[in-house]
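Undergrad: Could you have a look at this structure, given as structure tokens, before my questions?
What follows is the structure, given as structure tokens:
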């Protein structure tokens, strides 16, 4: 008779939950050594980011947008990712749920940096969606300073799914928040918001 499968229920809400789940999956798959090695490697990378950002006094105020219509701020592991990358998420708590907010609430939070990460979207898709929103009167009204500090990221690869690539996402956030201490970011994984062409502005 075929062996009955082992069923795991995984419900991580923080980065460290995700790393712990790597070990659980390794144990369940009879690959405990591989699971522990991968988890240790991920923790080493987190420690490397921590060493790099801990000496930086300025912790930018960050808002992460998980969906743009309706407007959601990202919860779960994303606020912790921001903290680990040397920022402070001013609209969400680590492990808490994503939630609906108003645009006025976002502006009242006075973020230094706005990270746009629509769930499951690439950078290109996010830009397309934002362009459509920006053409509507009264929507997405940014100050010129905040517009220059608004970034679109590859959410599908680095933020939406609770797996090892969240560590890549933390490294990416650290490079966005503290660019002078990190290597150049390729536009396929993150880029600044491009201004809406004049002829398309409401």
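Numbering (our numbering), first residue to last: -3 to 198.
Just so you know, even glycine gets a beta-carbon here, dropped at the ideal spot from N, CA and C.
DSSP three-state label for residue 14, please.
TA: Taking the chain shown and counting its residues from 1, one reaches residue 14 at position 18. Correct three-state label for residue 14: helix.
Undergrad: Excluding the 5 residues flanking residue 57 on each side, which residues of the same chain have their C-beta closer than 8 Å to its C-beta?
TA: Here the question's residue 57 lines up with position 61 in the chain shown. Cβ-Cβ distances below 8 Å link residue 57 to 83, 84, 86, 105, 106, 107, 108 and 109 in the same chain, with the five nearest sequence neighbours on each side left out; the list follows chain order.
Undergrad: Please list, in chain order, all residues of the same chain as residue 164 whose beta carbon is under 7 Å from its beta carbon, the five residues on each side excluded.
TA: Within the chain shown, residue 164 is the residue found at index 168, counting from 1. Only 154 meet the Cβ criterion.
Undergrad: What does DSSP give as the partner residue(s) for residue 69 in the beta ladder?
TA: If you number the chain shown from 1, residue 69 lands on position 73. BP columns for residue 69 point to 61 and 95.
Undergrad: Determine the contact status of residue 14 and residue 158, defining contact as a CB-CB distance below 8 Å.
TA: Here residue 14 refers to the residue found at position 18 when the chain shown is read from its first residue. Here residue 158 refers to the residue found at position 162 when the chain shown is read from its first residue. For the pair residue 14 and residue 158, the CB atoms are nearer than the 8 Å cut-off.
Undergrad: For residue 85, write down the residues that DSSP places opposite it in a beta bridge.
TA: Translated into the one-based positions of the chain shown, residue 85 becomes position 89. According to DSSP, residue 85 bridges with 58.
Undergrad: Sorted by chain position, which residues of the same chain lie with C-beta nearer than 7 Å to residue 65's C-beta, five sequence neighbours on each side aside?
TA: The residue labelled residue 65 in the question sits at position 69 within the chain shown. Excluding positions up to five away in sequence, the list reads 129.
Undergrad: Please classify residue 206: does DSSP put it in a helix, a strand, or coil?
TA: The structure shown has nothing for residue 206, since the chain only spans -3 to 198.
Undergrad: Among the candidates 111, 121 and 16, whose CA atom is the shortest distance from the CA of residue 171?
TA: On the chain shown, residue 171 is found 175 positions in, with the first residue counted as 1. Minimum Cα distance to residue 171 is reached at 111.
Undergrad: Could you give the DSSP three-state label for residue 29: helix, strand or coil?
TA: For the purposes of this step, residue 29 is taken as the residue at position 33 of the chain shown. DSSP places residue 29 in helix when its eight states are reduced to three.
Undergrad: Return yes when the Cβ of residue 49 is within less than 8 Å of the Cβ of residue 68, no when it is not.
TA: The residue labelled residue 68 in the question sits at position 72 within the chain shown. The residue labelled residue 49 in the question sits at position 53 within the chain shown. No, they are not a contact pair.
Undergrad: Could you tell me which residues DSSP puts in a beta bridge with residue 186?
TA: The residue given as residue 186 occupies position 190 in the chain shown. Bridge partners of residue 186: 149.
Undergrad: Enumerate in chain order the residues of its own chain whose CB-to-CB distance from residue 61 is below 6 Å, with the five nearest sequence positions on each side excluded.
TA: One-based indexing of the chain shown puts residue 61 at position 65. The residues are 112.
Undergrad: Pick from 119, 147, 39 and 1: whose alpha carbon is nearest that of residue 184?
TA: Numbered from its first residue, the chain shown carries residue 184 at position 188. For the residues 119, 147, 39 and 1, the minimum Cα distance to residue 184 belongs to 119.
Undergrad: For residue 173, which of helix, strand or coil comes out of DSSP?
TA: In the chain shown, counting from the first residue as 1, residue 173 sits at position 177. Helix at residue 173.
Undergrad: Determine the DSSP secondary structure at residue 181, reduced to helix, strand or coil.
TA: Taking the chain shown and counting its residues from 1, one reaches residue 181 at position 185. The answer is coil: DSSP assigns residue 181 none of H, G, I, E or B.
Undergrad: Here's a check: name, in chain order, each residue in its chain whose Cβ is nearer than 8 Å to the Cβ of residue 176, leaving out the five neighbours to either side.
TA: Here residue 176 refers to the residue found at position 180 when the chain shown is read from its first residue. Hits under 8 Å: none found.
Undergrad: Cα-Cα, which of 31, 77 and 27 is closest to residue 42?
TA: Residue 42 sits at position 46 when you count from the first residue of the chain shown. Just measuring C-alpha positions, the residue of 31, 77 and 27 sitting nearest residue 42 is 77.
Undergrad: Whose C-alpha, out of 3, 39, 145 and 146, is nearest the C-alpha of residue 12?
TA: For the purposes of this step, residue 12 is identified with residue 16 of the chain shown, where counting begins at 1. That would be 39, whose Cα lies nearest to the Cα of residue 12.
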